[in-house]
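Enquirer: If you use the numbering used here, the sequence shown corresponds to residues 5 to 185, in order. Note that the Cβ used here is the ideal one computed from N, Cα and C, for glycine as well.
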Amino acid sequence: MAVIVRAGAAPLWWAGLVAAAGGAFVPGLTGRRIGLLAGAALFIVTAAVVLLARGGRYAELARGASRAGRGDFLQDRAVTVRVWRRGHRWWLLGAFVAAVASSFALPGAGGLVLAGAGAGLWAKAVRIGQRERRDDVLYWVRTDWAGRGSPVAKRVQGHRTTGPTSPAGDAAPGGARRRRR
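1) If the criterion is Cβ atoms closer than 8 Å, does the pair G179 and L110 meet it?
2) Consider the C-beta atom of F29 and the heavy atoms of the ligand MG; say whether any pair is separated by less than 7 Å.
3) In the DSSP output, which residue or residues are listed as bridge partners for S70?
4) Using the rule of at least 16 other Cβ atoms within 10 Å of the residue's Cβ for burial, across every protein chain shown, is A150 buried or exposed?
5) Taking DSSP as the reference, what is the three-state secondary structure of A127?
6) Between the beta-carbon of V117 and the beta-carbon of A127, is there less than 8 Å?
7) Taking just the CA atoms, how far does A69 sit from R93?
8) Below 8 Å, how does it come out for the segment 77-90 and the segment 132-151: are there three or more Cβ pairs, yes or no?
9) Which one or two residues does DSSP pair with Y62 in a beta bridge?
10) According to the neighbour-count rule (16 or more other Cβ atoms, all chains shown, within 10 Å of its Cβ), is V101 buried or exposed?
11) By DSSP's criteria, W144 is part of a beta bridge. Which residues make up the other side?
12) Should V156 go down as buried or exposed, given a rule of 16 or more other Cβ atoms within 10 Å for buried?
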């Protein structure tokens, strides 16, 4: 489950930083200083909102999680990340273009909002990883329930659990890559 949350963090973070850096060179309507200060404030607010959004639903589904059965189809980390990023590539490109275009009004602010969303998703994945470590399980969403996006969408009827190592062996708690020793 944390893999789906974490899949969007890196593209949003890097696209946001590139858009903010590009926006820092545009004088804009408000000036660079005001634009970047407003962007810094929006970064913090966006990261906090993304981190806290739907936290109750995540906790509810984690409390009611059941052990994954033989009939459950669980994807490995690499496939999940690839599917999520392919399914959202046009949204990510549109958000990047909008962030760059907003720099003509408020330099760098749109890019910092994108980066804040990426930081919030990363922090949410870390929080899920802490719960996975505490409960000594990995939480999963069945592939047919998750579809192209959210691990807490209305179609998701519950989470599944496996042991602390993923069936494919490539995911660590929190959705990070498992380190090979």
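Expert: In brief:
1) What you label residue 179 is simply residue 175 of the sequence shown in a count that begins at 1. What you label residue 110 is simply residue 106 of the sequence shown in a count that begins at 1. Taking 8 Å as the Cβ cut-off, G179 and L110 do not qualify as a contacting pair.
2) As for the ligand MG, it is missing from this structure, which has no ligand bound.
3) Indexing the sequence shown from 1 puts residue 70 at position 66. Answer is R164.
4) Locating residue 150 in the sequence shown gives position 146, where the first residue counts as 1. With 16 or more Cβ atoms within 10 Å of its Cβ, A150 is classed as buried.
5) Along the sequence shown, one-based indexing puts residue 127 at 123. In this structure, A127 counts as helix in the three-state DSSP scheme.
6) Counted from its first residue, the sequence shown places residue 117 at position 113. Counted from its first residue, the sequence shown places residue 127 at position 123. In this structure, A127 does not lie closer than 8 Å to V117 by Cβ.
7) Translated into the one-based positions of the sequence shown, residue 93 becomes position 89. Translated into the one-based positions of the sequence shown, residue 69 becomes position 65. Taking the straight line joining both Cα atoms gives about 30 Å.
8) yes
9) Taking the sequence shown and counting its residues from 1, the one referred to as residue 62 is at position 58. Its beta-bridge partners do not exist; DSSP assigns none.
10) On the sequence shown, residue 101 is found 97 positions in, with the first residue counted as 1. V101 should be labelled exposed.
11) Position 140 of the sequence shown, counted from the first residue, corresponds to residue 144. Partner(s): R164.
12) Counting from one through the sequence shown, the residue named residue 156 turns up at place 152. With 16 or more other Cβ atoms within 10 Å, it is buried.
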